[in-house]
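**Q** Let me begin by handing over the structure; questions about it come next.
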Amino acid sequence: MLWTVNYYDDEGRIIKVFDQHYKGSTLVAGNYDEITNLYDFTGAVISSIRSHKVASAEQVKVLTEYEYDHTGRKTNTWQTINSNPRVLMSQLVYNELGQLFKKNLHSTNNGVNFLQTITYTYNERGWLLNASAPKLDVKLRYQIPTKGAAAQFNGNISEFEYTGEKSGNRWFKYTYDKINRLTNSVYSTTSELDEVIAYDKAGNISSLKRGPAASTPIAYTYANAGLSNQLSGVTGGLTGIFTYNTNGSAISDGTRGITSITYNQLNLPATVTGSQTATYVYDAVGTKVKSTQAGTIREYISGIHYKNNVLDLIATEEGRAVRSPIDGSYRYEYNLKDNLGNIRVSFDDNGGTARVIQEDEYYAFGLNRQKFLSGDKNNYLYNGKEEQEVLTDEYDYGARFYDPMIGRWNVIDPLAEKNRRFSPYVYVDNNPLRFIDPDGMEKKDWFVNNLTGQVLYVKGQSKITQGTLDKMNYGTKPSDYERLGADDMFGSKVSEGIEKNILNRDAYFVGNSEGFMKGKGYEKVERATVQESQLTSGGNIGEERIKSTITEIEQVGDAKLSYVKADMVNKKVELKESSNSGAWSSISRARYDINKPVGQSIRSTAYFYENRSPVGSQSGSMATFINEVIKVFKAVF
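Now the structure itself:
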């Protein structure tokens, strides 16, 4: 068992961590990382120092520093490794709606010059349209295709276009069935990356054809005369037989010549036997700490990687820092990604200019086709997951391995009971262009406490239960929470402070919820239900007809704290109107929900003009006052 010791300040913030690791496959007290954090007055981490030690001797020290804007959004990330020069790894710029507008990568002169600048544009719904950098330009089209695809109005991508230094200009156009499953992917060049997919009644792939029209499709055969979700074999364009254990995990894979796969207590691969062999070692919570594949030993220590017992690289927020075996210096490599987090282009610094060192393309279901490689290959590719060597082309998602050759998992979803409507082997509901799976399990969700505004992430639940809250000792009740969105609403990697990826946690309370959400482009609001009425009546004063109006406005029930995109602030939703009229009067009513800034009066955005007034103003009751004056005049005359 590996130990971790946390120290906190008076405000409950982690200021020091001692975290044991498994270097050398031995439990040694002197093998640990020491992490020291410093916070600003808002609770945001401004610096984190990591000292990585083996046998109590420091191997590397990494200082990471953060800067924020006036709303708490991260702007600059600096890093210093040992005595190497301080590097500005990334600089983030936001637009008026809080969306990421620009990302600058790698500067060694305090932000005067950067190797690459990525500019982002969005449509009116907030969907990404373009991520443009000199070394990679990505365009997404939905309802306005330009290459002949059918328009998509529900969030499905109709066309994907990209331009890379090595691949040139390429594009795909996509077709879906009535339940949003991908059925056809057409590539711009000689049909080499085309795909045609068909499904059976259970939602499993029944046929997959890659390449030109004359290509032989892969035919899928399922166990129990096709009534099972377990794939028993494939023929045609790919051949092989699969066998399974009683837990539903594949224990042989004929497509790769794998004769045996064994699993540990967490149902994670432990050994792989075939023409080559592989072994995997995990900690108690299932995090991979070591792999031996085709004779190459890799050790994983929270982003620090060893290769054959030599420190090889350090994972960073934007790529990796590769260690020179000659002088021990570190060279930064950066990744340019598409909308799914797939690594398309990797580059480094070549005398002050960006040099492409790797470029990759993908079939729709993730099968990689490398276009260019110079130097050591980056194995973290599709969705940012590690590509395996012995299990060729498969990706390690954490909870299970994904096979892009056949577009499905070979192990059932560990949380399959929470997603019973779908086959436990299906990948992202067969829509790999719109969805990702961060860890290979059923969809997770983000929640907000409507009483406090506290944001909570829970793995594997779409609805908070009392059992979950009791287990986590959160001391609240399920009715206090509402769902904000799915696990990928903020992308495939979500960090806060020293937490590198919240999605790896079973449950997580966001420390500075308002600042965290603001950094994601969300505003804190009170969601209120408002009810208004307006009575208009007419009567004669002498020869004049005087029109009088009486209005009322009230909030129904308590307001709930939540977070919405900036364009939804003060926007009325679920608006319902009604009216009745007679010879001398009419009454109109309106009821709606509104996301208003915290503390703002409901009169500020009233539906009926007569109800509107600035906060604290009495003008909203002016119509009633005038009506009473009219009554006095009537009494006099």
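The sequence shown begins at 301 in the numbering used here and counts up one residue at a time.
All C-beta atoms in this analysis are idealised placements derived from N, C-alpha and C, irrespective of residue type, glycine included.
1. Please confirm whether lysine 361 and asparagine 382 have their CB atoms less than 8 Å apart.
2. Could you check where the beta strand (DSSP E) with lysine 464 kicks off and where it finishes?
3. Span of the beta strand (DSSP E) holding serine 485?
4. Need the endpoints of the alpha helix (DSSP H) that phenylalanine 816 sits in, please.
5. Is it right to say histidine 352 is buried, meaning 16 or more other beta carbons lie within 10 angstroms of its own, or is it exposed?
6. In whole angstroms, give me the CA-to-CA distance for tyrosine 420 and tyrosine 663.
7. Would you call the CB atoms of threonine 571 and threonine 562 closer than 8 Å?
8. Is there contact here, the stretch 590-602 with the stretch 681-689, by at least three beta-carbon pairs under 8 Å?
9. In chain order, what residues of the same chain have a beta carbon less than 7 Å from the beta carbon of threonine 342, not counting five sequence neighbours either side?
10. Between Tyr442, Leu405 and Pro732, which lies nearest to alanine 433 when the distance is taken from Cα to Cα?
11. Tell me the rounded alpha-carbon separation between threonine 253 and phenylalanine 647.
12. Can you tell me whether DSSP reads isoleucine 315 as helix, strand or coil?
13. Taking just the CA atoms, how far does proline 732 sit from glutamine 452?
14. Here's the rule I'm using: 16 or more other beta-carbon atoms within 10 Å means buried, otherwise exposed. How should alanine 584 be labelled?
15. Measure the alpha-carbon distance for serine 294 versus valine 726 and round it to whole angstroms.
16. Given a cut-off of 8 Å, decide if tyrosine 487 and aspartate 477 are closer than it, judged by their beta-carbon atoms.
17. Note down, one range per segment and in chain order, each beta strand (DSSP E) of at least 3 residues found wholly within the stretch 406-459.
18. Taking C-alpha atoms, which residue in Ala654, Glu633, Arg700 and Phe701 lies nearest to aspartate 676?
19. For glutamate 910, name the three-state secondary structure that DSSP assigns.
20. Answer with buried or exposed for histidine 370, where buried requires no fewer than 16 other C-beta atoms within 10 angstroms of its C-beta.
21. Tell me, please, whether the stretch 624-641 touches the stretch 391-400 by the rule of three or more beta-carbon pairs shorter than 8 Å.
22. What is the C-beta distance between asparagine 750 and lysine 860, in whole angstroms, given that I count them as a contact (C-beta under 8 Å)?
23. Taking 8 Å as the cut-off, decide whether the C-beta atoms of leucine 536 and alanine 519 are in contact.
24. Tell me, to the nearest whole angstrom, how far the beta carbon of lysine 402 is from that of isoleucine 418; I am working on the premise that it is less than 8 Å.
25. Could you pull out every unbroken alpha helix (DSSP H) segment of at least 4 residues lying fully inside the stretch 483-559, listed in chain order?
26. Is the beta carbon of asparagine 911 closer than 8 Å to that of arginine 903?
27. Which residue or residues does DSSP assign as beta-bridge partners of aspartate 649?
28. Please report the distance separating the alpha-carbon of threonine 616 from that of glycine 603.
29. Which one or two residues does DSSP pair with serine 888 in a beta bridge?
30. Here's the rule I'm using: 16 or more other beta-carbon atoms within 10 Å means buried, otherwise exposed. How should aspartate 703 be labelled?
31. Glutamine 593 bridges to which residues according to DSSP?
32. Who are the Cβ neighbours of alanine 716 in its own chain at under 6 Å, not counting the five residues just before and after it?
33. If you check the beta carbons only, do lysine 607 and arginine 620 fall under 8 Å apart?
34. Would you grab the beta carbon distance between leucine 636 and leucine 436 for me? Rounded to a whole angstrom, and I think it's under 8 Å.
35. As a quick exercise: from Thr364, Ser792 and Leu835, pick the residue whose alpha carbon is nearest that of aspartate 638.
36. What separation, rounded to the nearest whole angstrom, lies between the Cα atoms of valine 305 and phenylalanine 318?
**A** On the basis of the coordinates in this document:
1. One thing to note: lysine 361 has its Cβ within 8 Å of the Cβ of asparagine 382.
2. Inspection of the sequence shows that residue 464 is occupied by glycine rather than by lysine. Run containing glycine 464: 459-464, per the beta strand (DSSP E) assignment.
3. Taken as a continuous stretch (DSSP letters only), the beta strand (DSSP E) holding serine 485 covers 482-487.
4. Residues 813-819.
5. Burial call: buried.
6. So the alpha carbons of these two residues sit roughly 24 Å apart.
7. Cβ atoms of threonine 571 and threonine 562: closer than 8 Å.
8. In this structure the stretch 590-602 touches the stretch 681-689; the number of beta carbon pairs closer than 8 Å is three or more.
9. Excluding sequence positions up to five before and after threonine 342, its CB lies within less than 7 Å of the CB of Gly372, Asn812 and Gly815, all in the same chain and listed in chain order.
10. The candidate whose alpha carbon is nearest that of alanine 433 is Leu405.
11. What is shown of the chain runs 301 to 937, which leaves residue 253 out entirely.
12. In the three-state reduction of the DSSP assignment, isoleucine 315 falls in the strand class, which pools E and B.
13. So the two alpha carbons sit approximately 15 Å from each other.
14. That one is exposed.
15. One cannot answer for residue 294 here, as it falls past the ends of the chain, which runs 301 to 937.
16. No, these two residues do not count as a Cβ contact at 8 Å.
17. Listed in chain order, the complete beta strand (DSSP E) runs (minimum 3 residues) inside the stretch 406-459 are 416-422, 428-433 and 436-441.
18. With distances taken between Cα atoms, aspartate 676 lies closest to Glu633.
19. It is helical.
20. So histidine 370 ends up on the exposed side.
21. The stretch 624-641 makes no contact with the stretch 391-400, as fewer than three CB pairs between them are under 8 Å.
22. Rounded to whole angstroms, the Cβ separation of asparagine 750 and lysine 860 is 4 Å, and the two are in contact under 8 Å.
23. The sequence given here places glycine at residue 536; leucine does not occur at that position. The answer is yes: Cβ separation under 8 Å.
24. Lysine 402 to isoleucine 418, Cβ: 7 Å. Contact.
25. Correct list: empty.
26. Yes, the pair counts as a contact, with Cβ atoms nearer than the cut-off.
27. Residue pairing by DSSP places aspartate 649 opposite Ala654 in a beta bridge.
28. Threonine 616 and glycine 603: Cα-Cα distance of roughly 8 Å.
29. Residue pairing of serine 888 in beta bridges, as defined by DSSP: Gln834 and Ser879.
30. By the neighbour-count rule (16 or more Cβ atoms within 10 Å), aspartate 703 is buried.
31. Ala578 and Thr596, per the DSSP bridge assignment.
32. For alanine 716, where only same-chain residues beyond five positions count, the Cβ hits under 6 Å are Pro724.
33. No. Outside cutoff.
34. About 4 Å separates the two Cβ atoms, so the contact holds.
35. The candidate whose alpha carbon is nearest that of aspartate 638 is Ser792.
36. The alpha-carbon atoms of valine 305 and phenylalanine 318 are separated by roughly 5 Å.
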